[in-house]
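Read through the structure below, which is laid out as structure tokens, and then see the notes.
There are 2 protein chains.
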Amino acid sequence: MNKEIISSILNGDRRAIAKALTIVESTTDKDRALTESLISKLFEYKNTSTRIIGFSGITGSGKSSLIEEIGKRLLEQNKKIAVLAIDPSSPIHGGSILGDKTRMSTLSNHPDCFVRPVPSKFNNGGISRSTREAVSIFSAAKYDYIFIETVGVGQTEYSVSELCDCFVVNLLPATGDELQGVKKGINELADIILINKADGALETQANLTVNEYKKSLMKPIVSTSIYAPEKIEEIIKLIDNFFFTETETIKIKRELQNQQWAKSLVVNDLEQIIDAVTEKSKIANPYHEKKQLIEKLKKLI
Amino acid sequence: MNKEIISSILNGDRRAIAKALTIVESTTDKDRALTESLISKLFEYKNTSTRIIGFSGITGSGKSSLIEEIGKRLLEQNKKIAVLAIDPSSPIHGGSILGDKTRMSTLSNHPDCFVRPVPSKFNNGGISRSTREAVSIFSAAKYDYIFIETVGVGQTEYSVSELCDCFVVNLLPATGDELQGVKKGINELADIILINKADGALETQANLTVNEYKKSLMKPIVSTSIYAPEKIEEIIKLIDNFFFTETETIKIKRELQNQQWAKSLVVNDLEQIIDAVTEKSKIANPYHEKKQLIEKLKKLI
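Sequences listed follow chains A and B, in order. First residue of the first sequence: 10, per my numbering; consecutive thereafter. First residue of the second sequence: 10, per my numbering; consecutive thereafter.
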């Protein structure tokens with residue numbers, strides 16, 4: 010079965026891709042074993058020219074619509090596109106990416122585009138685990154662009170920046186004090202910054218925001234709007250430029266990402282063993298029992 | 010030194026508490042070793058009657074002001090209160106709890122109240138690690154209430170719900186579709202739900218929201234306002250009631266939390282070792298090299 014699904018994925022077969030995505034998202038023992046053999050094989054067919062782009066911004070900043078517009082342009086250039094929409098499932102924020110099925114209607118229905126909502130579980134690393142595997146699948150299937158869309162929440166962003174080549178941050182027009190708080194974090198994570206909704210009443214404000222950021226950030230930054238095709242074109246040029254000029258940075262990023270991935274696989278395996286051990290123990294004092302747990306673990310791994 | 014700081018903490022000495030908090034938040038090897046001996050000792054003096062209350066809600070929902078009002082009432086009842094304000098440091102959201110120093114001015118200046126911002130690092134488990142230790146310190150110092158304030162973002166909330174006895178979710182008036190998304194998550198996490206800002210123009214809307222939620226949620230829910238002392242009193246009664254009626258639930262929660270804590274201590278130790286191993290390796294294929302990494306690890310733990 011594995012051999013067949015692998016050659017189908019390499020041929021870009023959508024049903025095989027969908028099946029593989031379901032396997033890697035599953036947490037059953039059987040599917041985890043399948044994931045292991047599937048992804049370690051697909052990894053050998055990784056397409057190094059696939060561009061992995063993180064796309065982050067708060068709810069309401071217009072990420073999905075922007076990805077839709079960027080995607081449409083890329084489809085015109087005969088590119089194949091995958092969109093992984095991570096839903097951080099915040100019980101308090103509510104607003105779910107998955108809830109809104111009308112988003113990215115053009116991309117969702119195009120044969121060269123695959124839109125996939127990625128459920129994020131409420132656990133550490135849960136966001137990135139199956140996402141890494143999904144990226145491997147689309148890369149092996151020779152997709153040109155993989156967009157990882159995420160709403161702007163600290164840990165999720167950070168996890169996503171650990172998965173992609175290029176991290177795009179989508180902001181809204183703002184000024185003064187509002188800008189101060191975000192600058193440091195953005196400087197750390199972003200490769201490209203967009204100030205969205207630069208149309209109608211907000212256009213002037215958006216351009217002022219760009220100028221404000223330019224004073225202190227050494228990153229490419231432009232104002233943008235889904236209603237301005239030339240501005241969408243500009244984003245694509247910024248992305249192209251990033252991939253042309255930052256080849257060395259991307260190479261180093263990818264090496265680090267493989268290290269992090271290997272680490273997370275080891276930690277996930279160990280966590281399962283630790284869970285089995287701790288579930289049976291009544292812990293009187295966590296710090297006292299840490300050493301005993303490590304001793305037990307040593308025998309079990 | 011340790012003996013002295015421990016007896017000072019047990020006596021409620023604020024300087025000793027502040028010093029201990031700084032130690033547990035530090036990540037140097039020396040302070041980690043100190044944390045281990047300090048917390049494993051303090052854990053023995055854990056005050057089981059200390060009430061640990063998670064307090065979550067989105068930015069702008071008025072959490073800090075509510076905690077200030079609840080806190081003032083509890084101080085009138087001669088209770089000692091700690092507030093741990095977790096700052097998820099989102100580079101995209103920006104808005105920082107720590108940035109606003111005027112919050113909780115009464116509590117911040119009261120001798121029976123200790124307000125502490127808890128930095129959250131951009132790593133898995135970073136949010137809860139030093140917070141657990143901080144809770145142990147205030148519990149040993151015989152504080153009656155520990156409020157863990159957090160903005161509503163998926164992983165943070167979940168981490169906080171793993172630390173507290175009672176999880177309070179603070180929402181704003183809303184109706185219809187907006188409610189659908191949040192219901193499931195809230196039902197899972199919340200022990201008490203507050204619909205805040207039930208005053209002025211929003212009062213009617215807040216009461217409608219309460220009724221809407223009551224239809225589908227089996228949790229205590231009230232509308233509230235910092236301008237209505239009787240409503241603040243009602244929150245305190247709900248909390249009291251939770252601790253009187255849910256003793257068995259709380260006992261089970263605390264046992265699970267100790268298991269999770271022990272697990273996270275083990276995982277943190279292992280992660281440091283794994284980091285050291287993976288940093289030196291060039292990973293060609295993460296899935297292939299997982300087993301070799303586990304073998305190496307076995308020799309090192």
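Ideal Cβ placement from N, Cα and C applies to all residues, glycine included.
With a cut-off of 8 Å on the beta carbons, I'd call residue i and residue j a contact; round off their distance for me.
i         : j         : result
VAL92(B)  : LEU75(B)  : No, VAL92(B) and LEU75(B) are not in contact; Cβ-Cβ is about 11 Å, not under 8 Å.
LEU43(B)  : ILE26(B)  : LEU43(B) to ILE26(B), Cβ: 15 Å. No contact.
ILE241(A) : ILE62(A)  : Not really, about 14 Å apart at Cβ, beyond 8 Å.
LYS307(A) : ILE310(B) : 5 Å
LEU274(B) : LYS299(A) : 5 Å
VAL124(B) : ILE67(B)  : Rounded, the Cβ-Cβ distance is 21 Å, inconsistent with contact.
SER168(B) : PHE176(B) : Contact doesn't hold; Cβ gap of about 11 Å is too wide.
PRO182(A) : LEU211(A) : 5 Å
GLU280(B) : VAL276(A) : 6 Å
THR59(A)  : ASP153(A) : 7 Å
Following the continuous beta strand (DSSP E) through residue i, name the residue where it begins and the one where it ends.
i         : result
TYR54(A)  : Run containing TYR54(A): none; DSSP gives neither H nor E here.
THR159(A) : 154-160
SER232(B) : 230-232
LEU180(A) : 175-180
ILE61(B)  : 60-66
LEU203(A) : 201-204
Only counting the same chain, and skipping five residues up and downstream in sequence, which positions put a Cβ closer than 7 Å to that of residue i?
i         : result
ASP109(A) : At ASP109(A), the pLDDT of 47 sits below 50, so the modelled position is not reliable and the matter cannot be decided from this model.
LYS262(B) : ASP174
GLU77(A)  : MET113, THR115 and LEU116
GLY21(B)  : ALA150 and LYS151
LYS305(A) : VAL286
Below 8 Å between beta carbons: does that hold for residue i and residue j?
i         : j         : result
HIS297(B) : SER49(A)  : yes
ILE202(A) : LYS228(A) : yes
ASP40(A)  : ILE90(A)  : no
SER65(B)  : ASN205(B) : no
PHE251(A) : ASP200(A) : yes
ASN11(B)  : SER46(B)  : yes
THR69(B)  : ILE235(B) : The sequence given here has Gly at residue 69(B), not Thr. Not closer than 8 Å, so no.
ILE230(A) : GLN268(B) : no
ASN314(A) : GLU264(B) : Any property of residue 314(A) remains undetermined from this structure, which presents chain A solely from 10 to 310.
If I measure Cβ to Cβ from residue i and keep anything under 6 Å in the same chain, skipping five residues before and after, which residues do I get?
i         : result
THR254(A) : none
SER232(B) : ILE204, ALA207, ALA215, ASN216 and VAL219
THR256(B) : none
SER16(A)  : none
ILE195(B) : VAL178
ASN87(A)  : none
LYS55(A)  : SER148
TYR222(B) : ILE230
LEU247(A) : ILE201 and PRO229
Take residue i and list the residues in its own chain whose beta-carbon comes closer than 8 Å to its own, dropping the five residues that flank it on each side.
i         : result
LEU302(B) : ILE283, VAL286, THR287 and SER290
ILE245(B) : ILE79, ARG82 and LEU83
LEU172(A) : ILE61, GLY63, SER137, THR140, ARG141, VAL144, ILE157 and GLN266
ILE18(A)  : ALA25, ILE26, ALA29, LEU51, ILE146, ALA149 and ALA150
ILE14(A)  : ALA25, LYS28, ALA29 and LEU47
State the start and end residues of the unbroken alpha helix (DSSP H) segment that holds residue i.
i         : result
ASN339(A) : Residue numbering for chain A in the displayed model covers 10 to 310; residue 339(A) lies beyond these limits and cannot be assessed.
ASN11(B)  : 11-19
ILE373(A) : No statement about residue 373(A) is possible, as the shown extent of chain A runs from 10 to 310 and does not include it.
LEU83(B)  : 72-85
ILE303(B) : 295-309
GLU34(B)  : 23-34
LEU116(A) : 114-117
Please tell me whether, using a cut-off of 7 Å, the distance from the CB of residue i to the nearest non-hydrogen atom of the ligand COA is below it.
i        : result
ILE62(B) : Ligands displayed in this structure: none; no statement on the ligand COA is therefore possible.
Practice item. Can you give me, in chain order, the residues of the stretch 33-49 of chain B that have a beta carbon less than 7 Å from any beta carbon in chain A? Key: GLU45, ILE48 and SER49
At a CB distance below 9 Å, what residues from the stretch 216-233 of chain B approach chain A? Give them in sequence order. none
If the cut-off is 8 Å on Cβ atoms, which residues from the stretch 48-65 of chain B count as contacting chain A, listed in chain order? ILE48, SER49, PHE52, GLU53 and SER65
Self-check item: Residues from the stretch 275-291 of chain A in contact with chain B, defined by Cβ distance under 8 Å
Solution: VAL275, VAL276, ASP278, LEU279, GLU280, ILE283, ASP284, THR287, GLU288, SER290 and LYS291
Contact residues within the stretch 249-267 of chain B, judged by C-beta distance below 8 Å to chain A
GLU264 and ASN267
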